[in-house]
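Okay, structure first, notes after.
Protein chains in written order, with the UniProt record's numbering: chain A, 1 to 173; chain B, 1 to 173.
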């Protein structure tokens with residue numbers, strides 16, 4: 001029987017679509033065991049982190065901010081892989097805050113040109129943030145940062161939006 | 001002003017005690033901003049992961065299992081860094097389950113010799129698990145795995161038990 005860790009291993013030479021399709025399949029398999037949002041987002045961060053690294057894409061942060069139930073209008077740090085991160089983000093502020101507010105994916109080729117960008121890590125140059133939305137309510141955002149400019153494209157957007165749909169329907173919030 | 005990510009950067013040439021002392025100071029600073037357990041354990045996983053990697057210790061998993069409020073006698077996966085992990089562990093089973101049940105640190109030089117060891121990742125060879133205990137109740141465990149045998153010693157135990165104390169008193173569960 002394969003170990004859970006094997007879900008983080010991707011074969012060499014696969015295309016981005018193939019690797020991200022594999023992330024979707026692994027996430028579906030793993031989340032069929034539990035609807036606990038912390039456990040599911042923790043494993044999802046690992047899947048995404050290892051997927052991008054297998055592709056040689058210099059992702060330096062992959063994880064989640066979720067709606068802070070204690071403070072209205074605020075996101076709070078969820079599970080992630082990467083360096084230590086800002087704990088809270090106001091909805092509407094920065095790239096994550098914009099995705100949460102507009103309920104639309106933010107594909108940012110150069111974060112330094114994004115109005116109100118919050119630099120948790122000054123080495124980040126590009127970013128994609130996909131909102132987790134159900135019944136028109138934002139439950140959180142999937143946030144991925146890259147050390148290089150133009151780190152993400154329409155293929156990332158397509159698969160990560162599918163992943164966001166799987167996440168939102170598999171978790172109890 | 002330094003970025004949050006700078007907490008994950010450790011100078012070269014420091015001793016293990018110096019690096020782990022720095023983890024304690026960073027955790028204290030970060031957790032002074034929030035008592036949210038998910039945010040604090042997520043940043044703590046990053047601190048511990050980067051600390052061990054700066055020391056050249058081959059840690060392949062660093063993170064948390066917490067008490068599952070939905071299922072009695074069970075731990076569920078919390079924030080972590082590393083490859084995809086088992087979602088649930090019965091209290092009493094394996095190294096994490098033993099730490100949760102006995103409320104004592106488990107310092108395991110060779111996991112393959114540990115009765116009932118659960119292999120989330122077959123590449124793990126040694127492990128340290130420190131229980132998070134308050135008022136004689138186990139809230140979770142800090143779990144760190146190493147690719148090499150004898151990855152951890154009394155110094156790790158000393159500092160990680162101090163870290164567990166900081167965690168248990170800084171978080172709302």
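Note that beta-carbon positions come from the ideal geometry of N, C-alpha and C, so glycine has one too.
Exercise. Could you name the residues of chain B that residue 122 of chain A contacts, counting a contact when the two beta carbons are closer than 7 Å?
Key: 3
Quiz item: Start and end of the beta strand (DSSP E) containing residue 84 of chain A?
Solution: Premise fails: residue 84 of chain A is in no beta strand (DSSP E) and is neither H nor E.
Self-check item: the segment 4–12 of chain A touching the segment 144–156 of chain A, judged by at least three CB pairs closer than 8 Å
Solution: no
Quiz item: So, are the CB atoms of residue 120 of chain A and residue 85 of chain A less than 7 Å apart?
Solution: Closer than 7 Å, so yes.
Quiz item: Any C-beta of chain B sitting closer than 7 Å to the C-beta of residue 56 of chain A?
Solution: no
Quiz item: Going straight from the alpha carbon of residue 123 of chain B to that of residue 72 of chain A, what length do you get?
Solution: 43 Å
Quiz item: Within the 7 Å Cβ cut-off, does residue 33 of chain B reach chain A?
Solution: Yes, its Cβ sits closer than 7 Å to a Cβ of chain A.
Quiz item: What is the DSSP secondary structure of residue 109 of chain B, counted as helix, strand or coil?
Solution: coil
Quiz item: Which residues of chain B have a Cβ atom closer than 7 Å to the Cβ of residue 103 of chain A, listed in chain order?
Solution: Residues of chain B whose Cβ lies closer than 7 Å to the Cβ of residue 103 of chain A do not exist; the shortest such Cβ separation is about 22 Å.
Self-check item: Sequence-distant residues of its chain with Cβ nearer than 7 Å to residue 80 of chain A (five each side left out)
Solution: 45, 61, 62, 63, 64
Quiz item: Helix or strand or just coil, what does DSSP make of residue 162 of chain B?
Solution: helix
Quiz item: Is the shortest distance between the beta-carbon of residue 85 of chain A and the beta-carbons of chain B less than 7 Å?
Solution: For residue 85 of chain A, the answer is yes, since a Cβ of chain B falls inside 7 Å of its Cβ.
Quiz item: Near residue 92 of chain A, which residues of its chain fall below 6 Å by C-beta distance, leaving aside the five closest residues on each side in sequence?
Solution: 101
Quiz item: Among the residues of its own chain, which have a CB less than 6 Å from the CB of residue 112 of chain B, if the five just before and after it don't count?
Solution: Answer for residue 112 of chain B: no residue qualifies.
Self-check item: Alpha carbon of residue 117 of chain B to alpha carbon of residue 154 of chain B, nearest angstrom
Solution: If I take the Cα positions, the gap works out to 21 Å.
Quiz prompt | Segments assigned beta strand (DSSP E), at least 3 residues, entirely inside the segment 41–79 of chain A | solution = 59–67
Quiz item: Is the CB-CB distance between residue 163 of chain B and residue 24 of chain B below 7 Å?
Solution: yes
Quiz item: Is it buried or exposed for residue 13 of chain A, if we count other Cβ within 10 angstroms and need 16 for buried?
Solution: exposed
Quiz item: If you follow the beta strand (DSSP E) that residue 220 of chain A is part of, which residue opens it and which one closes it?
Solution: Beyond the ends of chain A as shown, which are 1 and 173, falls residue 220 of chain A; an answer cannot be given.
Quiz item: Which stretch, first to last residue, makes up the beta strand (DSSP E) that contains residue 20 of chain B?
Solution: Looking at the DSSP string, residue 20 of chain B is not in any beta strand (DSSP E); the run it does join, the alpha helix (DSSP H), is 16–31.
Exercise. Would you kindly check if the distance between the Cβ of residue 165 of chain A and the Cβ of residue 33 of chain B is under 7 Å?
Key: no
Exercise. Grab me the residues of residue 177 of chain A's own chain with a C-beta within less than 7 Å of its C-beta, minus the 5 sequence neighbours each way, in chain order.
Key: Here chain A has residues from 1 to 173 only, and residue 177 of chain A is not among them.
Quiz item: For a contact meaning CB atoms closer than 9 Å, what does residue 50 of chain A contact in chain B?
Solution: The contact set of residue 50 of chain A on chain B, defined by CB atoms closer than 9 Å, consists of 83, 84 in chain order.
Quiz item: At a CB-CB cut-off below 9 Å, which residues of chain A make contact with residue 88 of chain B?
Solution: 33, 34, 36, 39
Quiz item: Hey, quick one: how far does the beta strand (DSSP E) through residue 146 of chain A stretch, first residue to last?
Solution: 137–146
Quiz item: Does the separation of the CB atoms of residue 49 of chain B and residue 171 of chain B fall below 7 Å?
Solution: no
Quiz prompt | is_contact[residue 118 of chain A, chain B] using C-beta, thresh 7 Å | solution = no
Exercise. Say whether chain B places a C-beta atom closer than 7 Å to the C-beta of residue 77 of chain A.
Key: yes
Quiz item: residue 106 of chain A and residue 137 of chain A look like a contact to me (Cβ under 8 Å); what is the Cβ gap, rounded to whole Å?
Solution: About 18 Å separates the two Cβ atoms, so there is no contact after all.
Quiz item: From residue 53 of chain B to residue 82 of chain B, what does the alpha carbon distance come to, in whole angstroms?
Solution: 12 Å
Quiz prompt | Contact set between the segment 18–33 of chain B and chain A, restricted to residues whose Cβ is under 8 Å from the partner | solution = 26, 30, 33
Self-check item: Cβ pair residue 95 of chain A, residue 140 of chain A closer than 7 Å
Solution: no
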